[in-house]
Amino acid sequence: MKIILDLRKYDGVVGGVEQGALQIAKNMSSDGNECVLVCKQSREAEVRDLLGERDGLKIVTVDIDTHAICAENRALDAGFFQDLAVEEGADLIHYFYNWSFPKNKKVPTVLTVHDVIPFTFQEAMADDVHKNIYKPGITEACELNDIIATVSEFSKKDISETVGVSIEKLRVVYNGLREPAAFDQAVMDGVTEKFGLEKGYILNAGGIHERKNIARMVQGFAGLVKDHGYEGKLLITGAASGAPYQEEQRVICDKAIADAGMQDRVVFGGFVSEDELDNLLRQADVFIYPSLYEGFGIPILESMKVSTPCVTSNVTAMPEVAGGAALLVDPTSVEEITDALARLIEDEDLKADLLAKGRIRADEFSWERNGREYLGLYKEVVEAREE
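The sequence shown runs 243 to 629 under the working numbering.
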């Protein structure tokens, strides 16, 4: 098979979305298939470095600055990508990030919608963008593409119900999981000194957003300190953009910390490198991920992969991802958050049981599996078109 793969989203950071697209490109070209990957012209050198030279892989660029929904990208979807598919003799186009508008479709198309969080949590999105661009754009994109892939059974149901997509049009392909960096004592010593973690720490990753539920997490952590005598810190990692929404959320978080009297015990670490995060995950007493909404939740599996016990929420995709290998809490209950943290610190048998289950669960997710399942989906789409 030969596919066109859209990687316009790549802007220098390899997150879960970018990792998935890159792995598909690698898997396709390694299995005797062919892949034509489309990226921003300004990122071509970086993408080539990430993929290396390999048979069956071709990189094509487009001169754009953004992957967002806009007239320029709509024109590319309906014109450039369709013409490219014909020129290359491609079997299908896979648009890999949440929206595309292939109005003049010349080959079958697959669209991956990772989640529809803004239908529930508008967060940083401006009102006019939310109402006039995002919501109608996602709806139109789901109508125009032949198959909508997503990352969890929860997201499949959520997209169907909130966007109005037929459940028969949706397919689940789970995310993969990267291999963590090996433990590095020098890296660990550096972050320990930087953040003051000598007495231990609870780790959270994901940044400052309303749905990340930081205020209640802080309150739950305060209960662990005051009622159970925990001596360590709560370290919250994740980049903050400095945008007005982020500043508003930081004010809310700072008030929660002050109200709980935890000014000396809660640390906002900001952006940390992949190596730093992997080392922090390995050494944390507990990883906590009490989000109000996730379409998947890769950090849950990342903690399991390095044998760190996890507390996460009993809502949206998180129970599905955890697969019985984490303590689940009602994310709106401060008491449940405190109790779960205390149990994992104080109950060694419970901790050992969840760690054993977590290692097994994490091993079920790989980018190789993700690639195989997408290849199966591509074949399904092409065969259906031929019929």
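Ideal Cβ placement from N, Cα and C applies to all residues, glycine included.
From Q525, W341, E330 and H356, residue whose alpha carbon lies closest to that of P378: One-based indexing of the sequence shown puts residue 378 at position 136. Residue W341 is the option with its Cα nearest to P378.
Span of the alpha helix (DSSP H) around C384: In the sequence shown, counting from the first residue as 1, residue 384 sits at position 142. Segment K377 to L386, the alpha helix (DSSP H) holding C384.
For Y531, the first and last residue of its enclosing beta strand (DSSP E): Start at 1 with the first residue of the sequence shown, and residue 531 comes out as number 289. Looking at the DSSP string, the run of the beta strand (DSSP E) that includes Y531 is V528 to Y531.
Which residues DSSP lists as bridging D319, in chain order: By 1-based counting over the sequence shown, the position of residue 319 is 77. According to DSSP, which records beta bridges pairwise, D319 is partnered with nothing at all.
Unbroken alpha helix (DSSP H) run spanning S271, endpoints: Here the question's residue 271 lines up with position 29 in the sequence shown. Run containing S271: G258 to S272, per the alpha helix (DSSP H) assignment.
Candidates R524, Q461 and R627, of which the one nearest T434 by Cα: Walking along the sequence shown from the start, residue 434 turns up at place 192. When each option's Cα is compared against that of T434, the closest is R524.
Closest Cα partner of D527 within the set I587, L569 and R611: Here residue 527 is taken as the residue at index 285 of the sequence shown, counted from 1. It is I587 whose Cα lies nearest to the Cα of D527.
Pairwise C-alpha distance: Q261 and C277: Position 35 of the sequence shown, counted from the start, is the residue given in the question as residue 277. Position 19 of the sequence shown, counted from the start, is the residue given in the question as residue 261. Straight-line Cα distance between these residues: approximately 16 Å.
Alpha-carbon to alpha-carbon, E606 and R507: On the sequence shown, position 265 is the one that residue 507 refers to. On the sequence shown, position 364 is the one that residue 606 refers to. Whole-angstrom Cα-Cα distance: 36 Å.
Residues sharing a beta bridge with F510, DSSP: For the purposes of this step, residue 510 is taken as residue 268 along the sequence shown, with counting starting at 1. Its beta-bridge partners are I478.
Assigned exposure category for E295 - 16 Cβ within 10 Å defines buried: Counted from its first residue, the sequence shown places residue 295 at position 53. E295 comes out exposed.
The region 537-548 touching the region 415-430, judged by at least three CB pairs closer than 8 Å: yes
Pick from N269, V259 and G257 that is closest to G618, judged by C-alpha positions: Position 376 of the sequence shown holds residue 618. Closest option to G618, Cα to Cα, is N269.
Per-residue DSSP class, three states only, for L445: Start at 1 with the first residue of the sequence shown, and residue 445 comes out as number 203. Looking at L445 - three-state DSSP - the assignment turns out to be strand.
Residue closest to L249, alpha-carbon to alpha-carbon, out of H336, V328 and D325: Within the sequence shown, numbered from 1, the residue matching residue 249 stands at position 7. Here the closest residue by C-alpha is H336.
Buried versus exposed, by CB contacts within 10 Å (16 or more), F513: Position 271 of the sequence shown, counted from the start, is the residue given in the question as residue 513. So F513 counts as exposed.
Distance between beta carbons of L334 and Y620, contact taken as under 8 Å: Translated into positions along the sequence shown, residue 620 becomes position 378. Translated into positions along the sequence shown, residue 334 becomes position 92. Y620 to L334, Cβ: 6 Å. Contact.
Terminal residues of the beta strand (DSSP E) in which D307 lies: On the sequence shown, residue 307 is found 65 positions in, with the first residue counted as 1. Note, D307: premise wrong, no beta strand (DSSP E); not H, not E.
I530, buried or exposed, once every other Cβ within 10 Å from all chains shown has been counted against 16: In the sequence shown, the residue the question calls residue 530 occupies position 288. By the neighbour-count rule (16 or more Cβ atoms within 10 Å), I530 is buried.
T354, DSSP secondary structure in three states: Within the sequence shown, numbered from 1, the residue matching residue 354 stands at position 112. In the structure shown, T354 sits in a strand (DSSP, three-state: E or B).
Helix, strand or coil at S555 according to DSSP, with G and I counted as helix: Within the sequence shown, numbered from 1, the residue matching residue 555 stands at position 313. Looking at S555 - three-state DSSP - the assignment turns out to be strand.
Limits of the alpha helix (DSSP H) - the one that E588 falls within: Within the sequence shown, numbered from 1, the residue matching residue 588 stands at position 346. Unbroken alpha helix (DSSP H) run through E588: V576 to E588.
Cross-strand partners of E276 (DSSP beta bridge): By one-based count along the sequence shown, residue 276 stands at place 34. K244, per the DSSP bridge assignment.
Nearest-angstrom Cα separation, counted from R458 out to T351: On the sequence shown, residue 351 is found 109 positions in, with the first residue counted as 1. On the sequence shown, residue 458 is found 216 positions in, with the first residue counted as 1. The alpha-carbon atoms of T351 and R458 are separated by roughly 42 Å.
I389, enclosing beta strand (DSSP E) - first and last residue: Within the sequence shown, numbered from 1, the residue matching residue 389 stands at position 147. Segment I389 to T392, the beta strand (DSSP E) holding I389.
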